[in-house]
Amino acid sequence: MTAAGDPGAPTGSEPRTAADGSILGLHDVRKRFGDLVVLDGLEMTVDRGEVVCVLGPSGSGKSTLLRCINLLSPPDSGRIVLEGEEITGRGNAGIDFVRQRVGMVFQQFNLFPLQNALENVTLAPRTVLGRSAAECTRRGEELLGRVGMADRMHEYPERLSGGQQQRVAIARALAMDPHVMLFDEVTSALDPELVKEVLDVMRELADEGMTMIVVTHEIGFAREAADRVVFMDGGVIVEQGPPSQVLDDPREERTKSFLGLVLEH
Amino acid sequence: MQQIIDQFFDFGIMFDPDNFDKVMAGFWFTIKLAIIAGILSLIWGLVLAVLRQTPGKLGRIVRWPTIAYIDVFRGIPALLVILIVSTALGALSQPDLETGAGALLPRWIGVPDWFGQPAPFWYGVIAITITYGAYMAEVYRAGIEAVPSGQMEAARSLGMSHRQAMRRVIIPQAIRKVIPPLLNDFIALMKDTTLVSFIGLIEVVQAGYDIASETFSSSALTLGAFLFVLVTIPLARLVDYMIGRQQARYQRGLA
């Protein structure tokens, strides 16, 4: 992958930060599904350019956290502030604001099956931003080149491996020039030999300064690429800090027992 | 044996030029009606299905009446709808002779003769579209719901509105899934077009019945049945072929 530029830097507007220097802040965010409390007054801030890896047992609220941030699943209460602007409680205005600044990559890739790789990448900029086909195609080709898919741009998703599909999905999210990227267990559905090619792309993105929140079970990735590791359980952050501290010298019992189970095998 | 042949397969009656032309003219009405009502039902059904998926609390204003419409017209026999449409449109375009009030509907709507087709033809088109639009809306809905929820989420996460996501991502996938069941509905629709014989259109069934009444032989009706089967069996085979192909794709994990 030759980076002809910096995919972390949007071609459009520059990311802005709040007064405290953070690009994203969650304050007392609560979310429940029926009787099940999934996020229980969560507090979290993310700095511009920071790479945050979120670990935790299943059902700890990690994925819900990401889906709250881009309002795919809006919180029941609490405030979410992106680039100094509150996005919660503003209806469609908040949704438009966050979705044009925050990209998301899913565990199941969710590529559009009737569109080829390049069309997957160009669809949203064309329909949402109203950019010209030529401009979107040029940018799409560039992004697919960056994720190592230059030679397979015209393939349909069904003809691509899981790793290739996920790389296209990353390019698709980057095509909207996001300021923040959310990754929801993006390697969990991949065969083991395909994990590395996806993590490599994410590592480069991180190196280029993209702000990233990565929900993952890849402890190795968290150790190398994260600026901060967050351990979640029961809908709150149990412990957070630099990877070396949280992963090698956890203070909390729950963190210790979780890492014990994960690192055992 | 000869009795059976005379009753059902009297070629002399079937291919008597007068009889044959009459049955063919009737069948031609049936085909025209089925194609026009079929296309309109496909469009109307998709509109209903999309309205039924309007999201959000405010969407209820659209969602609930749509659900009510679909429930009602799936529950009423097509024949009843045909009779209601024809009597109502006919009556509402007449001035009230007692009170002297003018007609509620202009005559060109109440007694339509568009494109040179008689009014019962258009009553049939309207009634069958009303009924089959409701059936097809349910087929489309199944197709929309069969598109994995991740598709909508991916589209929305990229900034698309619900409407953009439906139009660009969800509906094209849904339609591919529902072409076979829609064709099945079309076969049923085509058969139901014969109900317009009740409101005076000499389509294939009425034509055959008229001849049967004169000749005391069912052969003209058999001819009508044969014409139907000539169209519906290839359609049914096409549906099977398409379903088979879809399943093969699904088994390869590609659908």
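Just so you know, the sequences run in chain order A and B. Just so you know, the first sequence maps onto residues 15 to 279 in our numbering. Just so you know, the second sequence maps onto residues 109 to 363 in our numbering. Built from N, CA and C at the ideal position, the CB exists for glycine as well.
Since residue i and residue j should fall inside the 8 Å C-beta cutoff, what is the C-beta to C-beta distance between them, to a whole number of angstroms?
{"i": "B/Trp-152", "j": "B/Gly-241", "result": "4 Å"}
{"i": "A/Ala-189", "j": "A/Val-135", "result": "5 Å"}
{"i": "A/Val-228", "j": "A/Val-65", "result": "7 Å"}
{"i": "B/Gly-332", "j": "B/Val-313", "result": "6 Å"}
{"i": "A/Met-246", "j": "A/Ser-74", "result": "5 Å"}
{"i": "B/Asp-300", "j": "B/Ala-186", "result": "5 Å"}
{"i": "B/Phe-181", "j": "B/Thr-239", "result": "5 Å"}
{"i": "A/Thr-141", "j": "B/Gln-272", "result": "5 Å"}
{"i": "B/Ala-262", "j": "A/Asn-124", "result": "4 Å"}
{"i": "B/Val-339", "j": "B/Pro-288", "result": "Wrong, their Cβ atoms sit about 17 Å apart, outside the cutoff."}
{"i": "B/Ile-236", "j": "B/Ala-145", "result": "4 Å"}
{"i": "A/Met-118", "j": "B/Ser-257", "result": "In fact, because the Cβ distance is near 14 Å, the residues do not count as touching under 8 Å."}
{"i": "A/Ala-220", "j": "A/Glu-169", "result": "With 8 Å as the limit, A/Ala-220 and A/Glu-169 do not qualify as a contact, their Cβ atoms being about 27 Å apart."}
Using only the alpha-carbon positions, how far apart do residue i and residue j sit?
{"i": "B/Arg-276", "j": "B/Val-219", "result": "40 Å"}
{"i": "B/Leu-159", "j": "B/Val-170", "result": "6 Å"}
{"i": "B/Gly-316", "j": "B/Gln-202", "result": "33 Å"}
{"i": "B/Gly-308", "j": "B/Leu-343", "result": "28 Å"}
{"i": "A/Ile-37", "j": "A/Gly-274", "result": "33 Å"}
{"i": "B/Gln-111", "j": "B/Gly-120", "result": "14 Å"}
{"i": "A/Gly-176", "j": "B/Val-247", "result": "31 Å"}
{"i": "A/Leu-204", "j": "A/Gly-234", "result": "16 Å"}
{"i": "B/Thr-162", "j": "A/Phe-111", "result": "22 Å"}
{"i": "A/Gly-48", "j": "A/Asp-90", "result": "11 Å"}
{"i": "A/Met-195", "j": "A/Ser-146", "result": "24 Å"}
{"i": "B/Arg-193", "j": "B/Leu-212", "result": "Here the sequence assigns Val to residue 193 of chain B, which means Arg is not the residue at that position. So the two alpha carbons sit approximately 15 Å from each other."}
{"i": "B/Phe-334", "j": "B/Leu-197", "result": "34 Å"}
{"i": "B/Thr-138", "j": "A/Leu-128", "result": "36 Å"}
{"i": "B/Phe-116", "j": "B/Phe-123", "result": "13 Å"}
{"i": "B/Pro-125", "j": "B/Asp-114", "result": "18 Å"}
{"i": "A/Asp-191", "j": "A/Gly-144", "result": "14 Å"}
{"i": "A/Asp-262", "j": "A/Arg-242", "result": "13 Å"}
{"i": "A/Met-224", "j": "A/Val-215", "result": "12 Å"}
{"i": "B/Tyr-349", "j": "B/Ile-143", "result": "22 Å"}
{"i": "A/Val-173", "j": "B/Phe-229", "result": "One point to set straight first is that residue 173 of chain A is Arg, not Val, in the sequence displayed. Taking the straight line from one Cα to the other gives about 49 Å."}
Please compile the residues from chain B whose C-beta is within a distance smaller than 9 Å of the C-beta of residue i.
{"i": "A/Phe-120", "result": "Gly-258, Glu-261, Ala-262, Ser-265"}
{"i": "A/Val-68", "result": "Residues of chain B passing the Cβ test: none, with the nearest at roughly 17 Å."}
{"i": "A/Met-216", "result": "Ordered by position in chain B, no residue passes the 9 Å Cβ test against A/Met-216, which lies about 17 Å from the chain."}
{"i": "A/Val-142", "result": "Leu-266, Gly-267, Met-268, Ser-269, Gln-272"}
{"i": "A/Arg-113", "result": "Arg-264, Ser-265, Leu-266, Gly-267, Met-268"}
{"i": "A/Arg-186", "result": "Ala-262, Leu-266"}
Would residue i and residue j be called neighbours here (beta carbons separated by less than 9 Å)?
{"i": "A/Glu-232", "j": "A/Ser-77", "result": "no"}
{"i": "B/Ile-190", "j": "B/Gly-232", "result": "yes"}
{"i": "B/Ile-178", "j": "B/Leu-156", "result": "yes"}
{"i": "A/Leu-137", "j": "A/Arg-186", "result": "yes"}
{"i": "B/Gly-251", "j": "B/Ile-283", "result": "yes"}
{"i": "A/Glu-149", "j": "A/Met-167", "result": "no"}
{"i": "B/Gln-259", "j": "B/Gln-281", "result": "yes"}
{"i": "B/Lys-130", "j": "B/Asp-318", "result": "yes"}
{"i": "B/Ser-149", "j": "B/Met-244", "result": "yes"}
{"i": "A/Arg-62", "j": "A/Asp-54", "result": "no"}
{"i": "B/Phe-336", "j": "B/Met-298", "result": "yes"}
{"i": "A/Ile-109", "j": "A/Leu-85", "result": "yes"}
{"i": "A/Glu-133", "j": "A/Gln-178", "result": "no"}
{"i": "B/Glu-311", "j": "B/Thr-302", "result": "yes"}
{"i": "A/Leu-56", "j": "A/Val-250", "result": "yes"}
{"i": "B/Gln-355", "j": "B/Lys-285", "result": "no"}
At a CB-CB cut-off below 7 Å, which residues of chain A make contact with residue i?
{"i": "B/Ile-274", "result": "The sequence as given places Met at residue 274 of chain B; Ile does not occur at that position. Simply none; closest approach about 12 Å."}
{"i": "B/Val-277", "result": "Phe-126"}
Run the proximity test for residue i: is its beta-carbon closer than 8 Å to any non-hydrogen atom belonging to the ligand NAD?
{"i": "A/Met-190", "result": "With respect to small molecules bound, the structure shown includes none, and the ligand NAD cannot be examined in it."}
Got a sec? Which residues, its chain only, sit under 8 Å from residue i by beta carbon, not counting five neighbours each side?
{"i": "A/Ala-32", "result": "Gly-39, Val-95, Glu-97, Gly-98"}
{"i": "A/Phe-272", "result": "Leu-69, Gly-70, Pro-71, Phe-245, Asp-247"}
{"i": "A/Phe-120", "result": "Ala-183, Asp-198, Val-200"}
{"i": "A/Ala-17", "result": "Reliability of the predicted coordinates at A/Ala-17 is poor, the pLDDT of 40 falling under 50, and the value obtained from them is presented with this limitation in mind. Excluding positions up to five away in sequence, the list reads Arg-160, Glu-218, Glu-222."}
{"i": "A/Cys-82", "result": "Leu-40, Val-43, Lys-45, Leu-53, Pro-88, Pro-89, Ile-94"}
{"i": "A/Ala-236", "result": "Cys-67, Leu-69, Val-228, Thr-230, Val-243, Pro-257, Leu-261"}
Give the residues of chain B in contact with residue i, contact being defined as C-beta atoms less than 7 Å apart.
{"i": "A/Ala-138", "result": "Leu-266, Gly-267, Met-268"}
{"i": "A/Leu-86", "result": "Glu-261, Arg-264, Ser-265"}
{"i": "A/Met-190", "result": "Leu-266, Gly-267"}
Residues of chain A with CB closer than 8 Å to the CB of residue i, please, in chain order.
{"i": "B/Pro-280", "result": "Leu-128"}
Near residue i, what residues of its chain come up, given a Cβ to Cβ distance below 6 Å and the 5 sequence neighbours on each side ignored?
{"i": "A/Ala-240", "result": "Val-65, Cys-67, Pro-257"}
{"i": "B/Ala-320", "result": "Ser-326, Ala-328, Leu-329"}
{"i": "A/Arg-93", "result": "His-41, Glu-100, Thr-102"}
{"i": "B/Gly-164", "result": "none"}
{"i": "A/Glu-266", "result": "Val-252, Glu-253"}
{"i": "A/Ala-23", "result": "Because the pLDDT at A/Ala-23 is just 39, under 50, the model does not fix this residue reliably, and the point stays unresolved."}
{"i": "A/Pro-171", "result": "Leu-125, Pro-127, Gln-179"}
{"i": "B/Gly-168", "result": "Just to set this straight, residue 168 of chain B is Arg in the shown sequence, not Gly. Taken in chain order, the list of residues that qualify is empty."}
Could one say the Cβ of residue i lies closer than 9 Å to chain D's Cβ atoms, at least one of them?
{"i": "B/Arg-353", "result": "Going by chain labels, chain D is absent from the structure shown, which instead holds the protein chains A and B."}
Excluding the five sequence neighbours on either side, which residues of its own chain have a C-beta within less than 7 Å of the C-beta of residue i, listed in chain order?
{"i": "B/Phe-223", "result": "none"}
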